[in-house]
Amino acid sequence: MPEAKHYTAAAEPKGAYALPAEFDGTVAQGALYHAVRAFRNNQRQGNASTKTRAEVSGGNQKPWKQKGTGRARQGSTRAVQWVGGGVAHGPRPRSYTTPLNRKVRQLARRSAFNQRAAEGAIHVIEDLTFETPKTQLLHGLLEKLGLREHNVLVLTAGHKPNVYLSGRNLDGVAVQRYEDAAAYDVLWARAIVIEERALGGHHVDGSEAKAKKATTRQKRVTKASGKVAKKAATKATKKTRTTTKATKQVAKKKATKPSKKKGR
66 MPEAKHYTAA AEPKGAYALP AEFDGTVAQG ALYHAVRAFR NNQRQGNAST KTRAEVSGGN
126 QKPWKQKGTG RARQGSTRAV QWVGGGVAHG PRPRSYTTPL NRKVRQLARR SAFNQRAAEG
186 AIHVIEDLTF ETPKTQLLHG LLEKLGLREH NVLVLTAGHK PNVYLSGRNL DGVAVQRYED
246 AAAYDVLWAR AIVIEERALG GHHVDGSEAK AKKATTRQKR VTKASGKVAK KAATKATKKT
306 RTTTKATKQV AKKKATKPSK KKGR
């Protein structure tokens, strides 16, 4: 189970924090691509517009007669080759909305969190409670955590207006509920601060860490012993096969050797 850095409400190091089952280490790059693409497409307004020759003003009569002038024939001064004329095949207002399957969106969100957890960019804090909106409080908290040099995403347990208003004026800081964080938001942030109550994991104390370390060591010893035993068994089997093959060859040679007849 992956772990994250754990801090008190005053940003004092507390140890490690075991992340919940949602952090299973799976990173689906394809789902992340589709989630980011859909998010960015949905931010586009699609307001670009041009006028065709039918929409611009003027040009209701021929600029000169069809023949006899020596010049190319023209039917209107609003044609696309004239200055002030219409635009051929220009952009028109359109919608860039890109739908995304619910399961793909959930997989992308989980993959983004797993990627940041693997990078050690997740920081779990005990509680985020501000009595009044104060930008200086959140700024000082992030400075104690050493995160003011990064894009920081602060995820709270539930709606906390004071925390949101405290981070609204900070450059490179976004505050929102843990449930509302999308894959794009997680990938945008280089560091993530999550309130403990929003995750549902548990603190890892010293005894648990030692037990986990001992279990890992025992697994390694067992795996090494299994490799040695397998190697010895393979060697013995190979030796037995060689002996059996040699015995068969000797028996076959004796069977094919002609017997000597006694003279009269």
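Count along the sequence shown starting at 1, add 65, and that's the number in our numbering.
Backbone N, C-alpha and C fix where the C-beta goes; we use that ideal spot for every residue, glycine too.
Computed from a prediction, not measured in an experiment: that's the story for all the values here.
In the three-state DSSP reduction, Arg-285 falls in the helix class (H, G or I).
Taken through DSSP and simplified to helix, strand or coil, Val-121 comes out as coil. Sixteen is the threshold: since fewer than 16 other Cβ atoms of the shown chains lie within 10 Å of the Cβ of His-154, the residue is exposed.
Of all C-beta pairs linking the segment 81-100 to the segment 164-178, three or more are shorter than 8 Å, placing the two stretches in contact. For His-267, the enclosing beta strand (DSSP E) covers residues 267-269. Here Thr-221 is buried. Its C-beta has 16 or more other C-beta atoms within 10 Å.
Inter-residue distance for Gly-185 and Thr-200 is about 26 Å (C-alpha atoms, whole angstroms). Residue state for Pro-67 is assigned as coil, using DSSP reduced to three classes. In the DSSP assignment, Val-145 falls outside any beta strand (DSSP E) and carries neither an H nor an E. DSSP, reduced to helix, strand and coil, places Gly-155 outside both helices and strands of the structure shown, so it counts as coil. In this structure Ala-183 is not in contact with Ala-248, their Cβ atoms being roughly 15 Å apart against a cut-off of 8 Å. A direct Cα-to-Cα measurement between Ala-113 and Gly-151 gives close to 15 Å. One alpha carbon belongs to Arg-109, the other to Lys-209, and they sit about 37 Å apart.
Counting the other Cβ atoms within 10 Å of the Cβ of Asn-125 gives fewer than 16, which makes it exposed.
Within the segment 149-223, the complete alpha helix (DSSP H) segments of 4 residues or longer fall at 167-183, 200-210, listed in chain order.
Per the C-alpha coordinates, the member of Pro-226, Ala-86, Gln-139, Val-148 positioned closest to Asn-179 is Ala-86.
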